[in-house]
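Numbers 408 to 722, taken from my numbering, label the letters of the sequence shown in order. Below is one structure, written out as C-alpha cells, with a few remarks after it.
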Amino acid sequence: MSFKFGENFIALVGLNHKTSSVEEREEALKFFRELPGILLATCNRVEVYLQNTRLEIPRPEFKFQNFYYFEGEEVIKHLFRVASGLDSQILGETEILGQVRKTYLESQGKYWLLDQIFGRAVEVGKRVRKETAISQGNVSVASVAVAKVVKLLGGVYNRKVILIGVGKVSETVAKILWKFNFNFIYVANRTYTKALELAQKIGGNAVHFDQLAEELKDADLVISSTAAPHLVLRKQQIGLREKPLIIFDLAVPRDVDPEVSRLPGILLFNIDDLQEEINLNLLKRKLEAVFAEKIIEEEVKRFCESFALVPAAAV
C-alpha cells in the first residue's frame, strides 16, 4: 500500500548484510545511484529512499533477488530502526547514527518529506541510545581486549605497547589504543613496510621482526593478531623479565605459545578468554532492544500523526 501526505508518497528499496553479499551490494549501488532519491550506503547496506517515484519491481535491470521494499509507515519504521542500531550487523553499534546524519545533511533540500523523516530518525537514534543501554558494553574482540588492558594496567601513561600483525583486527586495536592515549605503540610485522604503514597511521613506530625479542624486554603489553599458520611468539623470545607483561593473543590459530603463560610475571589471554564477556554484553544489548523497539513504535506513531500520513486510497 502506498502512503501519501497530500500528493506525496514514500518508499524504499535496499539490500543489507542479511540479504546479500558484498559483491551484490556493490552491484546494486551502481543501479541505486541512478534513482531519484536519497541514497544511504554503508559497509553493510545500500538503500535508496524515494519520494513521489514509483519503482516497479521487478524491473529488467533490477536483477537482485534478495532486496527488500517498503512503503509508507514501514519506510519510517525501518529508518528509525536503522538509525538506532537495531538493524545493524552488530546490535546497537553507534557508527550508523553518524552515517544516517551525514546522509541527512548532504541530501537536505531535495525531498522535503524525506528530509523530515531523516531528521527525525537522527533524533530517534539519539533518544534510543540515551534511554536504553543498547550501545553499552564492548562486543568486539578489539574493544573488549583494550578495555581489559586499561583496567589491568591502571593507567596508560608511558606504557609501551607492541602490536604484532597489521591485519584488520590489529588496525582496529591500534586505533582504539590511540583514542585511549597510549603514546608508545610499536608495530611489528614480517613485512616491515606494512608495519611502517600502520605505525604512521597512529603516530607509532615500526619494528623489524628480527628485533622483536629486544623490543619485548621493556614492553608492558603485547597484542598479537597475525594470519600466520604457526606460532610467532615463544617462551625464548620473552625470557625472564624485570616487570610484568600482559599478552593478548587475538589470532586463530593462536600466535602465542601457551607455554608462555608459565613464565613469571606473564598474563596471557586468548579469544576464548574474551568471548564470555562479549556474549554477556551481546545478551544485555538484546534485552535492551526490547525497550528500544517500544520507543521506535512510539516515535513512528507520533511522526505519522503529526504529518497526517494516510493511505493513498483515503486521500
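Ideal Cβ positions, reconstructed from N, Cα and C, are used throughout, including at glycine.
Range of the contiguous beta strand (DSSP E) that encloses residue i
i, result
"S632", "Premise fails: S632 is in no beta strand (DSSP E) and is neither H nor E."
"H615", "N612 to H615"
"I702", "Taken as a continuous stretch (DSSP letters only), I702 belongs to no beta strand (DSSP E), being part of the alpha helix (DSSP H) at I678 to S713."
"G526", "No beta strand (DSSP E) holds G526; the alpha helix (DSSP H) holding it covers W519 to E538."
"L446", "G444 to A448"
"V420", "N415 to N423"
"A595", "F591 to N596"
"L570", "K567 to I571"
"F477", "Y475 to E478"
"V453", "R452 to Q458"
Residues of its chain near residue i, where Cβ-Cβ distance is below 7 Å and the 5 sequence neighbours each way are ignored
i, result
"T449", "I503 and Q506"
"N459", "N415 and F416"
"V576", "V548, A549, S632 and L657"
"R440", "L446"
"R597", "F616"
"I609", "A581, K582, W585 and I592"
"R709", "none"
"V535", "S491, I541, A699 and I702"
"S713", "none"
"K484", "I703 and V707"
"E538", "I702"
"K693", "L498"
Opening and closing residue of the alpha helix (DSSP H) in which residue i lies
i, result
"E622", "L619 to L623"
"V429", "V429 to F439"
"R648", "From DSSP, R648 is part of no alpha helix (DSSP H); its letter is neither H nor E."
"E513", "E502 to S514"
"A602", "Y599 to I609"
"V576", "K575 to K586"
"S550", "V548 to L560"
Rounded Cβ spacing between residue i and residue j (contact assumed at less than 8 Å)
i, j, result
"V489", "I571", "So it is not a contact: roughly 37 Å between Cβ atoms."
"A634", "G574", "6 Å"
"D627", "L670", "Contact doesn't hold; Cβ gap of about 15 Å is too wide."
"K642", "V614", "With 8 Å as the limit, K642 and V614 do not qualify as a contact, their Cβ atoms being about 20 Å apart."
"C711", "E480", "6 Å"
"P660", "P636", "7 Å"
Cβ-heavy atom distance, residue i to the ligand ADP, below 7 Å
i, result
"N612", "Looking at this structure, you won't find the ligand ADP or any other ligand, since it has none at all."
8 Å Cβ cutoff met for residue i and residue j
i, j, result
"S550", "I583", "yes"
"I678", "I654", "no"
"L681", "A552", "yes"
"I497", "V568", "no"
"F487", "V707", "yes"
"E578", "L603", "no"
"L619", "Q644", "yes"
"N588", "V629", "no"
"S495", "N451", "yes"
"A696", "L512", "no"
Beta-carbon contacts of residue i that lie in its chain and below 6 Å, excluding the five residues immediately before and after
i, result
"E454", "L419, G421 and L447"
"F474", "V420 and L422"
"R648", "G672"
"G544", "N688 and K691"
"K425", "none"
"V594", "L570, A602, L605, A606, G611 and A613"
"R432", "L422 and V453"
"S427", "N473"
"E388", "No answer is possible for residue 388: the residues shown for the chain start at 408 and end at 722."
"D522", "Q515"
"Y599", "H615"
Cβ of residue i within 8 Å of any chain B Cβ
i, result
"K575", "Within the model displayed, chain B is absent; a lone protein chain is all it includes."
Neighbourhood of residue i by C-beta, 8 Å cutoff - its chain only, sequence neighbours within 5 removed
i, result
"L623", "I569, V629, Q644, I645 and L652"
"A721", "In this prediction, A721 has a pLDDT of 42, which is less than 50 and means its spatial position is unreliable; what the coordinates show is noted afterwards. None."
"T501", "G492, R536 and S542"
"L705", "A quick correction: the sequence has Glu, not Leu, at residue 705. So no residue of the chain qualifies."
"D662", "I571, G572, S631, S632, T633, A635, L638, V639, L640 and D656"
"Q650", "Note on residue identity: the sequence assigns Lys, not Gln, to residue 650. Within the same chain, K650 has close Cβ partners D625, D627 and G672."
Cβ contact check for the stretch 507 to 525 and the stretch 442 to 457: 3 or more pairs under 8 Å
yes
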